Ligand SMILES: Cc1cc2nc3c(=O)[nH]c(=O)nc-3n(C[C@H](O)[C@H](O)[C@H](O)COP(=O)(O)OP(=O)(O)OC[C@H]3O[C@@H](n4cnc5c(N)ncnc54)[C@H](O)[C@@H]3O)c2cc1C
């Protein structure tokens, strides 16, 4: 079982976000970086498939500058065998640009299955996975919450409003992972040591022109300061009155 | 003349309620930019509501391999329409279907989707969209640089408006029989078939303070009385008290109901990411220092097992 996991390094979800004075982006300075939370489900899914098959390889693939190596190492500490990093100097993170870079690289690689996290928490795009699937002409299912692989086929489920869609796809296929699919493992000490010796291959990629442009960044309007209506059940009548008369929602 | 294509989702032959949000956004843009508005539905979908939203032209695509949802087939059909109709703008919902379908359409037409926008603005004939990023900690205004722009709209960010009814001309088209790479084999409807959190007007959410799955009864009762549904924090989901589909927050759903009642939820930044654009927030928490009170319009400091039943009988 050869699995490739496309992953993205993102700022820790606790990070404070500071918009730069030019309002063209955020200050990168003080972030600590993590593997995208949804990408962890993707890595776990790939590791489980390899373990179940008893043979194969899990390769991490990412786009960016060499500083991402340390985040790739965290994924290799979980158990991935090696990494490939498509090195680019600068681009604006446009989803289609990223998808084209990944698709071009994936064409040179061997795989039975490609995983992505369903979405990165920073740019909230949820596009790169399905775009790559389309560019490579692969059966693609997004945001999967259940997966079973058997004899060259995958049966997967994705949550939709009011239910679950069930798909059966023929491998090779591309799947993006939702929370609930599995419990990502923590790297063991041994895993962390081994990860240091696992290779990260640098390849270069051609950055196509972006199709969208970010104009200005801003903070969302802050909510008005809330008020404490009172304590315990004694406050309930006043809450009901406010919901009726002030908020007019009852 | 270029046109604005709006794709309206349906289920079981009926438009989904979110269709009104896309339709309203589309009509406003088309008016501002003097473009033709073309609504697209897929399958044998009833279209009688469209006139109320000011839609005078619709295309109903059916046949081919369109009976069940397939992201790749549906995207290919829509891409064909984009070119036939000389569309320079496509709008659809940032729902689970829209977020699956739109990137494929983007890849086929060569553009990045401007995803999950909370507002659209006409800037000299170009549409720009405002999208929340970094879990709603920032937002960025994005402009398309080419001939075509695809936007997905965040559920509940666009208020539907009924206008003076117009007559709708519906053109039926049969689709080419494309082979699907991935197609829905079965749609398992959730037990109780309740409203999805993203579509609910009222959400009563319970966190770690609930202490167990059976304790959610009191929230279910309150939600039912208010015509809403029950949500949960990640702590409650990870404890196995509620299914993942109930989780609100950064790794759960982004919701924007009219009323969000948080019970026994501390208000961690990742939870706030999913619910801070609710119109009114009520928090019930025994800890007066809980960060949830910072975003709550109305807070009650107290034991939820006393306050929630009291609230339930008072309304
Ligand atoms: C990458 C990442 C993603 C995450 N994504 C999400 C997400 O999508 N959604 C999410 O919710 N969290 C998410 N989290 C977790 C988040 O950081 C918090 O751990 C979680 O939200 C806490 O849930 P809680 O408020 O229910 O529990 P706690 O923080 O433990 O709060 C429980 C609260 O209940 C109150 N309480 C207890 N008993 C009572 C009672 N009887 N009456 C009244 N009040 C009572 C307490 O005072 C306390 O404030 C994420 C974390 C990470 C690292």
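Residue numbers (this note's numbering), protein chains in the order written: chain S, 1 to 250; chain E, 1001 to 1315. We put the beta carbon where it would ideally sit given N, CA and C, even for glycine. These numbers were taken from a predicted model, which means no experiment stands behind them.
For secondary structure counted as the beta strand (DSSP E) over 3 or more consecutive residues, the segment 100 to 142 of chain S holds these complete runs in sequence order: 113 to 117. Taking the CA atoms as reference points, residue 148 of chain S sits about 33 Å from residue 14 of chain S. Between the beta-carbon of residue 164 of chain S and that of residue 143 of chain S there is about 11 Å, and that puts the pair past the 8 Å contact cut. The beta carbon of residue 32 of chain S sits closer than 6 Å to those of 12, all from its chain and outside the five residues before and after it, given in chain order. When distances are taken from the beta-carbon of residue 1151 of chain E to the heavy atoms of ligand 1, even the shortest one reaches 7 Å or more. Shown in chain order are the members of the segment 1281 to 1305 of chain E whose Cβ falls below 8 Å from a Cβ of chain S: 1281, 1282, 1283, 1288, 1293, 1294, 1295, 1296, 1297, 1298, 1299, 1300, 1301, 1302, 1303. Taking the CA atoms as reference points, residue 46 of chain S sits about 12 Å from residue 174 of chain S.
Contact of residue 1135 of chain E with chain S by beta-carbon distance below 9 Å involves 13, 17, 121, 122, 124. A distance below 8 Å separates the beta carbons of residue 1062 of chain E and residue 1044 of chain E. Using a 10 angstroms sphere on the CB of residue 199 of chain S, the tally of other CB atoms stays under 16, which defines it as exposed.
Contact annotation: residue 98 of chain S and residue 63 of chain S have beta-carbon atoms nearer than 8 Å.
C-alpha of residue 1239 of chain E to C-alpha of residue 1207 of chain E: approximately 10 Å in a straight line. Residue burial is scored here from C-beta neighbours: residue 1091 of chain E has at least 16 other C-beta atoms within 10 angstroms and is therefore classed as buried. Under the rule that a run must span 3 or more residues, the beta strand (DSSP E) segments found entirely inside the segment 1188 to 1221 of chain E read 1202 to 1206.
From the beta-carbon of residue 185 of chain S, no residue of chain E is found nearer than 7 Å; the closest lies around 15 Å away. Of all residues in the segment 1083 to 1117 of chain E, only 1095, 1096, 1097, 1099, 1100, 1102, 1103, 1104, 1106, 1107, 1108, 1110, 1111, 1112, 1113, 1114, 1115, 1116 come within less than 8 Å of chain S when Cβ atoms are compared, listed by chain position. With the rule of 3 Cβ pairs closer than 8 Å, the segment 57 to 77 of chain S counts as touching the segment 98 to 110 of chain S.
Within the same chain, 59, 61, 111, 114 come within 6 Å of residue 4 of chain S by CB-CB distance, once the 5 residues on both sides are set aside. Within 8 Å of the CB of residue 218 of chain S, the CB atoms of chain E belong to 1138, 1139, 1140, 1141, in sequence order along the chain. Against chain E, the beta carbon of residue 233 of chain S has neighbours under 8 Å at 1302, 1306, 1307, 1310, listed in chain order. Excluding five sequence positions before and after residue 1069 of chain E, the CB atoms of its chain that fall closer than 6 Å to its own CB belong to 1184, given in chain order. Following the DSSP letters along the chain, one finds residue 1003 of chain E inside the beta strand (DSSP E) bounded by residues 1003 to 1007. Every unbroken stretch of the beta strand (DSSP E) spanning 3 or more residues and falling wholly within the segment 1116 to 1160 of chain E is given here in chain order: 1119 to 1123, 1126 to 1133, 1138 to 1144, 1149 to 1153. Rounded to whole angstroms, the gap between the alpha carbons of residue 1245 of chain E and residue 1285 of chain E is 23 Å. When rounded, the separation of the alpha-carbon atoms in residue 1251 of chain E and residue 1109 of chain E is 30 Å.
Within a 10 Å sphere around the beta-carbon of residue 170 of chain S sit fewer than 16 other beta-carbons, which makes this residue exposed. Listed in chain order, the non-local C-beta contacts of residue 16 of chain S below 8 Å within the same chain comprise 30, local neighbours out to five positions each way being set aside. When secondary structure is reduced to three states using DSSP, residue 1052 of chain E falls in the helix class. By the criterion of at least three beta-carbon pairs nearer than 8 Å, the segment 38 to 58 of chain S is not in contact with the segment 215 to 231 of chain S. For residue 206 of chain S and residue 89 of chain S, the gap between their C-alpha atoms comes out near 10 Å. One Cα belongs to residue 1247 of chain E, the other to residue 1135 of chain E, and the distance between them is close to 15 Å. Assignment of residue 160 of chain S by DSSP, reduced to helix, strand and coil, places it in the strand class. Annotated three-state conformation of residue 9 of chain S is strand, per DSSP. At a C-beta separation below 9 Å, residue 150 of chain S has no neighbours in chain E, since its nearest C-beta there lies roughly 15 Å away. Straight through space, the alpha carbons of residue 150 of chain S and residue 180 of chain S are spaced by roughly 21 Å. Straight across, the Cα-Cα distance linking residue 124 of chain S with residue 1172 of chain E is about 36 Å.
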